[in-house]
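Engineer: Going by our numbering, the sequence shown opens with residue 1, and the numbers climb by one from there.
My questions will all concern the structure given below.
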Amino acid sequence: MDRARRPRSVLAALTAALLAVPALTALSSPAGAADADVAVNGGFESGLTGWTCTAGTTVDSPVHSGRSALQATPAGSDNAQCAQTVTVQPDAQYTLSGYVRGSYVYLGANGTGTTDVSTWTQSAPDWQKLTTTFRTGPATTKVTIYTHGWYGTGAYQADDITLVGPGGSGTGQPPAAPTGLKTTSVTSSSVGLSWSAVTGATSYALYRDGTRVQSVTGTSATVSGLAASTAYSFQVSAVNAAGESAKSAAVTATTSAGTGGGSSDLPAHALVGYLHASFANGAGYTRLADVPDSWDVIDLAFGEPTSVTSGDIRFNRCPVTECPGVESDADFKAAIKAKQAAGKKVLISIGGQNGQVQLTTTAARDAFVTSVSKIIDTWGLDGLDVDFEGHSLSLNANDTDFKNPTTPVVVNLISALKTLKAKYGAKFVLTMAPETFFVQNGYQFYGTGKWGGQDPRCGAYLPVIHALRDDLTLLHVQDYNSGPIMGLDNQYHSMGGADFHIAMTDMLLTGFPVAGDPNNVFPPLRPDQVAIGMPATTNAGNGYVSPAEVTKTLDCLTKKTNCGSYATHGTWPALRGLMTWSINWDRFANGEFQKTFDGYFG
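Structure, rendered in structure tokens:
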């Protein structure tokens, strides 16, 4: 959040020069009577099984046939290729076909032993069939087939890819479906599963409520990141080089009740706001005692570091020369106690636009814990809001797994927050206010990417949220000052209306594959852990929406009514509420945001 008028967006647009490269094409010829389709999972009905993709995922719309299709998004340095190596016969004729949508989509084959081939379309607004043929060399037994787009030209789709010709020796059959699936353990956030081994299987795919969430080589697994007191259905399939089996019979399990990360002390629906406590701007200074009772969580903005890497956080109240009418320290403490007596939570918010915090060392981590503890104890606060922006969090080039981060600034922050939570106990309120670039943008990109070249800050909040999800009271992503973000419908959504807030919130409550990897899914948060971040006025930040659009957002997410074009994946009446930047700007606008919240939730 910006202490002046608007927080700066960290989302930078990627641009690339579009190069059109002609490709070799050949006329198709009819397949022989004994020919077969030797491609594996060409319809992508088993996710990306059999395929290796740099930036691909499967979608349920648009599809050419069946229930799934491939969608891949090229970047400035990546053409989003998906490929598989297929067993073929030497000196044999093959026909490669597939249906594609998008601009500059390619289909081809490498390693043929003769002339490698490809075919392409410059523009396919609807499904278009591509076909090419080749003959294998006298010693060729493996061929790689592929599809890809072109650098920086947007997402493409592919479906029903076939390679028809004589079956390769040892092509084999997919394994049988597993049996004996059962639960072995159940906690508030995880379910353990086991099943019987399947002959010929090389790995197993786990499904939660029909969505593939994990791949393992053994016959047991634990599915984590689940919501407390929630029923889930699980299935497992067996996989080998020939493909994926049918899914097993389903088993259901209900997770136990969780601690809620201290959120049980909040009302069912909460209003969260930032109070300009250490600076003045055009919104004017608001005394803490004058904050209306509607505000359930008050974030004092901001605690800032003595230097970017020191970890030493200081909270300096606004001086009277900058904030005429500022209350004394004694009156400020009295106001905190009065708010708490009325059931409100008062937190110190660390960071903001100007407060870059990089815990690069364990010494900085320890200084962070010590200094934040001192602020909390000095003022008698209820907890901490983490509002790291800008360059506070980024991922090292080799840090690719959000569940097991290795980057020091991420690892040390997680450790510091866990230490603070352990020190103050279950009542400690922990909230986070990342920007969309650090969270939802992780659906497309994570860190520098497998091939490098991406912004290392993409998705960098995900490992922190995931590691603290059992301790997290509230996540309220800043749905403002954001560039367009791709939602789970694989369409880009932009600020300015209910649709953006609905799509961004649905991602948090549904979960999503990180960087398009179906085997690396960020699990959903509980709805009581999620509030929606909005600017209070047009002065407060880009992305302001009217009260009518706020109401549409809440109707769609909590009742599944009044929705627009985006189809949510659930209905969440327990959604915690709204957050805004800021209480001061809302007061400047005669309390419009507060009145909208009160009018909706009562």
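Glycine residues also receive a C-beta, built at the ideal position from the N, C-alpha and C atoms.
Note that this is a predicted model, so its numbers are computed, not measured.
Look at the Cβ atom of A606, then the Cβ atom of G56, and state whether they are nearer than 8 Å.
Structural biologist: What is shown of the chain runs 1 to 602, which leaves residue 606 out entirely.
Engineer: Is the beta carbon of V88 sitting closer than 8 Å to the one on G165?
Structural biologist: As a position in the sequence shown, residue 88 is number 88, starting the count at 1. As a position in the sequence shown, residue 165 is number 165, starting the count at 1. Going by C-beta atoms, V88 is nearer than 8 Å to G165.
Engineer: Starting from C556, trace the alpha helix (DSSP H) in both directions and tell me its first and last residue.
Structural biologist: Counting from 1 along the sequence shown, the entry for residue 556 is found at position 556. P547 to K559 is the span of the alpha helix (DSSP H), which, as asked, contains C556.
Engineer: In the stretch 178–265, which residue ranges form an unbroken alpha helix (DSSP H) of at least 4 residues, counting only runs that do not cross its ends?
Structural biologist: Segments of the alpha helix (DSSP H) lying fully in the stretch 178–265: there are none.
Engineer: Going by the beta-carbon positions, is the gap between T252 and A231 smaller than 8 Å?
Structural biologist: Taking the first residue of the sequence shown as position 1, residue 252 is located at position 252. Taking the first residue of the sequence shown as position 1, residue 231 is located at position 231. Closer than 8 Å, so yes.
Engineer: Counting pairs of beta carbons, one from the stretch 186–199 and one from the stretch 231–242, are three or more of them closer than 8 Å?
Structural biologist: Touching, per the Cβ criterion.
Engineer: Grouping DSSP H, G and I as helix and E and B as strand, with all else coil, what is N519?
Structural biologist: Here residue 519 refers to the residue found at position 519 of the sequence shown. Residue state, collapsed to three classes: coil.
Engineer: Kindly indicate which three-state DSSP category Q128 falls into: helix, strand or coil?
Structural biologist: In the sequence shown, residue 128 corresponds to position 128, counting from 1. Three-state result, Q128: strand.
Engineer: Tell me which same chain residues have a C-beta within less than 7 Å of the C-beta of N490, skipping the five on either side of it?
Structural biologist: Stepping through the sequence shown from its first residue, residue 490 is reached at position 490. Cβ neighbours of N490 beyond the five flanking positions: V59, Q71 and A155.
Engineer: For the beta strand (DSSP E) that L643 lies in, which residues bound it at each end?
Structural biologist: No answer is possible for residue 643: it lies beyond the span of the chain, which begins at 1 and ends at 602.
Engineer: Rounded C-beta distance between T255 and V186? I'm assuming under 8 Å.
Structural biologist: Taking the sequence shown and counting its residues from 1, one reaches residue 255 at position 255. Taking the sequence shown and counting its residues from 1, one reaches residue 186 at position 186. Yes, they are in contact, since the Cβ atoms of T255 and V186 sit about 6 Å apart, within 8 Å.
Engineer: Note down the Cα distance separating T140 from T561, rounded to an integer number of angstroms.
Structural biologist: The count along the sequence shown starts at 1 and reaches residue 140 at position 140. The count along the sequence shown starts at 1 and reaches residue 561 at position 561. Distance between the alpha carbons of T140 and T561: 58 Å.
Engineer: Using CA atoms only, rank isn't needed, just tell me which of S46, S546, S248 and V409 is closest to R67.
Structural biologist: As a position in the sequence shown, residue 67 is number 67, starting the count at 1. Of the candidates S46, S546, S248 and V409, the one whose C-alpha sits nearest the C-alpha of R67 is S46.
Engineer: Going straight from the alpha carbon of T321 to that of E389, what length do you get?
Structural biologist: Locating residue 321 in the sequence shown gives position 321, counting from the first residue. Locating residue 389 in the sequence shown gives position 389, counting from the first residue. Their Cα atoms are separated by approximately 28 Å.
Engineer: CB-CB under 8 Å to K337, same chain, minus the five flanking residues each way: which ones, in chain order?
Structural biologist: As a first step, residue 337 must be located in the sequence shown, where it is residue number 337. Around K337: G380.
Engineer: Using beta-carbon positions only, say whether R365 and N412 come within less than 8 Å of one another.
Structural biologist: Here residue 365 corresponds to residue number 365 of the sequence shown, with the count starting at 1. Here residue 412 corresponds to residue number 412 of the sequence shown, with the count starting at 1. It is a contact, given that the beta carbons lie within the stated cut-off.
Engineer: Quick one: what's got a C-beta closer than 7 Å to L462's C-beta in the same chain, skipping five residues either side?
Structural biologist: Position 462 of the sequence shown, counted from the first residue, corresponds to residue 462. Result list for L462: F402, V439, G442, V514 and F522, in chain order.
Engineer: If we call anything under 8 Å between Cβ atoms a contact, is T52 one with W451?
Structural biologist: For the purposes of this step, residue 52 is identified with residue 52 of the sequence shown, where counting begins at 1. For the purposes of this step, residue 451 is identified with residue 451 of the sequence shown, where counting begins at 1. Not in contact: T52 and W451 (Cβ atoms no closer than 8 Å).
Engineer: Compute every distance between the C-beta of W195 and the non-hydrogen atoms of the ligand NAD, then say whether any falls below 7 Å.
Structural biologist: Absent from the structure shown: the ligand NAD. Ligands present: none.
Engineer: So, at 8 Å on beta carbons, what are the nonlocal neighbours of V326 in its own chain, with the 5 sequence-adjacent residues on each side left out?
Structural biologist: Mapped onto the sequence shown, residue 326 falls at position 326. Around V326: Y285, R287, R317, C318, P319 and V320.
Engineer: Restricting to Cα atoms, I'd like to know which of H501, F500 and L525 is closest to F512.
Structural biologist: Locating residue 512 in the sequence shown gives position 512, where the first residue counts as 1. Of the listed residues, the one whose Cα sits closest to F512 is L525.
Engineer: Out of curiosity, what's the CA-to-CA distance linking S28 and T202?
Structural biologist: Here residue 28 is taken as the residue at index 28 of the sequence shown, counted from 1. Here residue 202 is taken as the residue at index 202 of the sequence shown, counted from 1. Its pLDDT being 34, under 50, S28 is placed unreliably in this model, and the coordinates cannot settle the point.
Engineer: Can you give me the Cβ contacts of V369 inside the same chain, cut-off strictly under 7 Å, excluding the 5 residues immediately before and after it?
Structural biologist: Indexing the sequence shown from 1 puts residue 369 at position 369. Within the same chain, V369 has close Cβ partners A416, T419 and L420.
Engineer: Excluding five sequence neighbours on each side, which residues of the same chain lie with their C-beta closer than 7 Å to the C-beta of A341?
Structural biologist: Here residue 341 refers to the residue found at position 341 of the sequence shown. Taken in chain order, the list of residues that qualify is empty.
Engineer: Starting from the N-terminal side, write out each stretch of the beta strand (DSSP E) that is 3 residues or longer and does not extend beyond the stretch 335–365.
Structural biologist: DSSP runs (the beta strand (DSSP E)) wholly in the stretch 335–365: 345–352.
Engineer: Going straight from the alpha carbon of F332 to that of A289, what length do you get?
Structural biologist: Walking along the sequence shown from the start, residue 332 turns up at place 332. Walking along the sequence shown from the start, residue 289 turns up at place 289. Distance between the alpha carbons of F332 and A289: 8 Å.
Engineer: Return the first residue and the last residue of the beta strand (DSSP E) that S61 is part of.
Structural biologist: Reading the sequence shown from its first residue, position 61 is the one you call residue 61. Where S61 is concerned, there is no enclosing beta strand (DSSP E), given that its DSSP letter is neither H nor E.
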